[in-house]
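Structure first, then comments.
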Amino acid sequence: MNRYARTAGWLSVLSMGLGQLYNRQYIKGVLFLTAHITGLTYILTVLSKHIYGFFTLGEQGQHLVKVGKIYKNVPGDHSIFMMIYGLLSMMVVLLYLFLYVMNIRDAIANGRLRDQGIPVKNFAASISQGMSKNFPWVLLGIPILGVLFFTIMPILFMIFMAFTNYSAPEHIPPKNLVDWIGLKTFTDLFTLNVWSNTFFGVLTWTIIWAILATITCYFGGILVALLINQKGIKFKGLWRTLFIIPYAIPQFVSLLVMRNMLNDKFGPVNQYFRFFGLEGLPWLSDPFWAKVSVVVVNMWIGIPVSMVLVMGILTAIPKDLYEAADVDGATPWVKFRHITMPFVLFSTAPILITQFAGNINNFNVIFLLTKGGPSSIDYNMAGKTDLLVTWLYKLTLENNKYNIASAVGILIFLIIASVSIFSYTRSRSYREEDMIQ
Amino acid sequence: MKTKNSLRLFFSYALLVLMGIACIYPALWTIMSSFKVGDSLFSDTFVPKQFTIKHYSDLFHPENIAGKQVPYVRWYWNTLKIATMSMVLGTMIQLLTAYAVSRFRFRGRKSLLSTVLVLGMFPGFMSMIAIYVFLVQLNLLDTPWALIIVYSAGAALGLFVAKGFFDTIPKSLEEAARIDGANHWDVFYKIILPLSRPIITYISLTTFTGAWMDFIFARLILRSRDQWTLAVGLFDLVDSYSSTAFTLFAAGAVLVAIPITILFAFTQRFLVEGLTSGANKG
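Line by line, the protein sequences are chains A and B.
Quick note: to get the numbering used here, add 11 to the position in the first sequence (first position is 1).
For the second sequence, position 15 (counting from the first letter as 1) is numbered 7 according to the numbering used here, and the numbering increases by one without interruption.
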């Protein structure tokens, strides 16, 4: 009894739109058929060339050609554009295949209706039915396109770049070609001294920084919140407003101001040091003190956020817990240790991990404050406070070492992904424990 | 017991005062410096001996600043334009995305959400080079529109806070409207949107300030000095003139910070709510 469904389905496999025509949905059928013909022609004539180009990345760079009596520089293949066009073309092909599958499914569905003796809908009705049935996809259409072209495509491109030799000075189009070189970029990064020293140095500092920055801000925030929340402290609202000020000022402004305050010669911080008869410190120009500076400045920026969070949690702790503790004669310390702390820690543990991941990628604090400096001869294109991200930025924008930069980007992704997966499974186990709720 | 308690309070107050000073000192110092005569970073007193508003007027009359190109008004206008447009587009995109994944159960929803999570783990400017090449091809490099498109296109990825909010709106409201014959758009406009004021405020604020303060993409995309935003311009002011244009920078920084700080003061409640609700999601 599924004669119509089967015939319509196979017809649509044969060519988009045939099944619809067979189902007597003429407008839809013609539209699908047109999409099929234009799509296929476009793929065969234009896109296939681009896809081929993606694999070869060009055959000839800029070269000299004899025109008449003189040699002229003729532009050759631009490998990077070829790669991007190749990627784009593959996406269009995927879209086409997706449409094809939709077309077959539509033909079968309508064929089935006919098998059951139900008349098929006309064009307008099926459009409005589709809109309503797939409403979430209608909403998601534009966002998905945006993410596809401005996030996914670029990330894919960067990932592929790590497997090429796209880097200054020798392989920069349009002058030269870029080639696929497999895993060589990664092996260089890990084994060639020029790169591996910098990589492991920067990686170590990135991890130390992320741990320090997260812990100082987190516990600093808890400390400040508890200080304000103590019994007997007056003007709680005033203190809170005061401590929230750093959060309200645009981050780049405060960072640039801090950079000036910490200026060795003229900055007010060293001025106060000298006022008390002390020698000023090289806040931003000495490797060790620069690291101290970024951590301290980051506390200044980050503590208000944790403070706000913790204060919200403190008000949510049920009062009767404390009353019960009072009845049992608990000291303030015991109450703090056994009621307040567990509560705060359990509700904020997930943020601790997201903040850790965020700090690994904390571009602004480092770049605006020290620019990754002070620079050092031990490192290749990096300074002593550079994180992996700021190093990546310098590698791409200042040095055009694109392949190394994308390899570093992939490694950052792997680090963040493993931290996030860890946090995800942990927070699941928290939820299952049901310690608080 | 009494003395112990007052000792505790004394130390607490001392600590609070110290931290309070640390919190406002940079801001006060910048404001003071912006009124200081001369252009150097160095100053022997905290409160300047002589006050001047020359630096503020210089910002509006760039022709008076010899040897330095600081089209401040231009930068301000660029930033305002970019931030406002990105706010409008970004908020719309983020709201619709969050609404769709929060209220509907459709095939592919789970994989969509995990894709968003995974994409969030890539360093944001991993995509820099490709975007750069794109914009060159589209002839959009060095235009404010490029920046607006880049910010808005990524907006959908920040959907989790808004999704958390929509999750808390009871489904029965919609179902009641559905029974009364409302279609999807009616439900969204007449029921969901009016209830979403707090989250709309939160998203608009974060997208506005995000665009207002972004440095990385602005520096990549805006190439000519006239197209710069404030973040790029002020960074350059500090970076290339270091301590010799400090008072000018201070005045510029004050004018950048004032609107944002005022905005923050008025909308603090929403921001804090958003922060905490994001936190509870884990």
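Don't be surprised by glycine CBs; every beta carbon is placed ideally from N, CA and C.
Nothing here was measured: the structure is a model prediction, and the numbers come from that model.
Going straight from the alpha carbon of residue i to that of residue j, what length do you get?
| i | j | result |
| --- | --- | --- |
| I426(A) | K195(A) | 21 Å |
| F374(A) | H182(A) | 28 Å |
| D337(A) | I255(A) | 32 Å |
| S26(B) | F200(B) | 26 Å |
| A136(A) | I48(A) | 25 Å |
| L223(A) | G278(A) | 25 Å |
| Q31(A) | G100(B) | 26 Å |
| P190(B) | T44(B) | 42 Å |
| K273(B) | I161(B) | Model confidence at K273(B) stands at a pLDDT of 42, short of 50, so the residue's coordinates are unreliable; what they give is reported in the following sentence. Straight-line Cα distance between these residues: approximately 16 Å. |
| I5(A) | V110(B) | Nothing about residue 5(A) can be read from this structure; chain A reaches only from 12 to 448. |
| A242(B) | V65(B) | 15 Å |
| P450(A) | S434(A) | Because chain A spans 12 through 448 in this model, residue 450(A) falls outside it and cannot be assessed. |
| E70(A) | I91(A) | 13 Å |
| V248(B) | L(-1)(B) | 42 Å |
| Q140(A) | I115(A) | 18 Å |
| I218(A) | D172(B) | 57 Å |
| K245(A) | I23(B) | 29 Å |
| I119(A) | S23(A) | 9 Å |
| A92(B) | K83(A) | 57 Å |
| L200(A) | P257(A) | 39 Å |
| P147(A) | Y177(A) | 41 Å |
| T(-5)(B) | Y333(A) | 23 Å |
| L132(B) | A138(B) | 6 Å |
| A46(A) | Y37(A) | 14 Å |
| F158(B) | T359(A) | 22 Å |
So is residue i buried or exposed if we call it buried at 16+ other beta carbons inside 10 Å?
| i | result |
| --- | --- |
| L151(B) | buried |
| I62(A) | buried |
| G122(A) | buried |
| L106(A) | exposed |
| K247(A) | exposed |
| I447(A) | Its pLDDT being 43, under 50, I447(A) is placed unreliably in this model, and the coordinates cannot settle the point. |
| R95(B) | buried |
| P186(B) | exposed |
| N(-3)(B) | exposed |
| K39(A) | buried |
| G340(A) | exposed |
| H89(A) | buried |
| S49(B) | exposed |
| Y33(A) | buried |
| I81(A) | exposed |
| K155(B) | buried |
Please compile the residues from chain A whose C-beta is within a distance smaller than 8 Å of the C-beta of residue i.
| i | result |
| --- | --- |
| V230(B) | L267, R270 and N271 |
| I176(B) | Correcting the residue identity first, residue 176(B) is His in this sequence and not Ile. Neighbours of H176(B) on chain A, chain order: S143 and F146. |
| F152(B) | Within chain A, no residue comes near F152(B); the closest Cβ sits about 11 Å away, beyond 8 Å. |
For a contact meaning CB atoms closer than 7 Å, what does residue i contact in chain A?
| i | result |
| --- | --- |
| A148(B) | P154, G157 and V158 |
| M118(B) | I166, M169 and G420 |
| A19(B) | I256 and I260 |
| S4(B) | L238, Q241 and I244 |
Skipping 5 residues on each side, what residues in its chain have a beta carbon closer than 8 Å to that of residue i?
| i | result |
| --- | --- |
| L99(A) | H61 and M164 |
| L42(A) | G28 |
| K46(B) | V29 |
| A271(B) | Annotation note: pLDDT 48 at A271(B) (below 50); position unreliable, coordinate value reported separately. Hits under 8 Å: none found. |
Looking only at its chain, what residues have a beta carbon closer than 6 Å to the beta carbon of residue i, apart from the 5 residues adjacent to it on each side?
| i | result |
| --- | --- |
| G313(A) | C228 |
| G50(A) | Y107 |
| K395(A) | P298, P385 and S387 |
| W300(A) | L292, P293 and W294 |
Under 9 Å between beta-carbons, which chain A residues line up against residue i? List them in chain order, please.
| i | result |
| --- | --- |
| L111(B) | V158, T162, I163 and I166 |
| I208(B) | F374, N375, F378 and Y404 |
If you drop the 5 nearest sequence neighbours on each side, which residues of the same chain put their C-beta closer than 7 Å to that of residue i?
| i | result |
| --- | --- |
| G291(A) | D275, N281, F284 and R285 |
| I140(B) | I74, M77, S78 and L81 |
| T221(B) | W67, N70, T71, I74, A210 and L214 |
| A179(A) | N410, N411 and K412 |
| P251(B) | none |
| E444(A) | Since pLDDT at E444(A) reaches only 47, below the 50 mark, its modelled position is unreliable, and no value is offered. |
Would you mind telling me which residues of chain B sit closer than 9 Å to residue i, beta carbon to beta carbon, in chain order?
| i | result |
| --- | --- |
| I218(A) | The premise fails here: I218(A) is roughly 15 Å from chain B at the closest Cβ pair, so nothing lies under 9 Å. |
| L253(A) | L8, M11, G12, C15 and I16 |
At a CB-CB cut-off below 7 Å, which residues of chain E make contact with residue i?
| i | result |
| --- | --- |
| A249(B) | Protein chains in the displayed structure are A and B, and chain E is not among them. |
Item to check | Segment contact, 8 Å Cβ cut-off, at least three pairs: the stretch 4 to 12 of chain B with the stretch 203 to 218 of chain B | outcome: no
Checklist entry - Counting Cβ pairs closer than 8 Å, one from the stretch 119 to 128 of chain B and one from the stretch 159 to 173 of chain A, do we hit at least three? => result yes
Next on the checklist: Quick check: the stretch 338 to 348 of chain A against the stretch 284 to 294 of chain A, are at least 3 beta-carbon pairs closer than 8 Å?
Outcome noted: no
Next on the checklist: Using 8 Å as the cut-off, can you tell me whether the stretch 391 to 407 of chain A makes contact with the stretch 416 to 433 of chain A, which would need three or more C-beta pairs spanning the two stretches below that distance?
Outcome noted: yes
Next on the checklist: Taking 8 Å as the cut-off, does the stretch 113 to 120 of chain B touch the stretch 112 to 129 of chain A (at least 3 CB pairs, one atom from each stretch)?
Outcome noted: no
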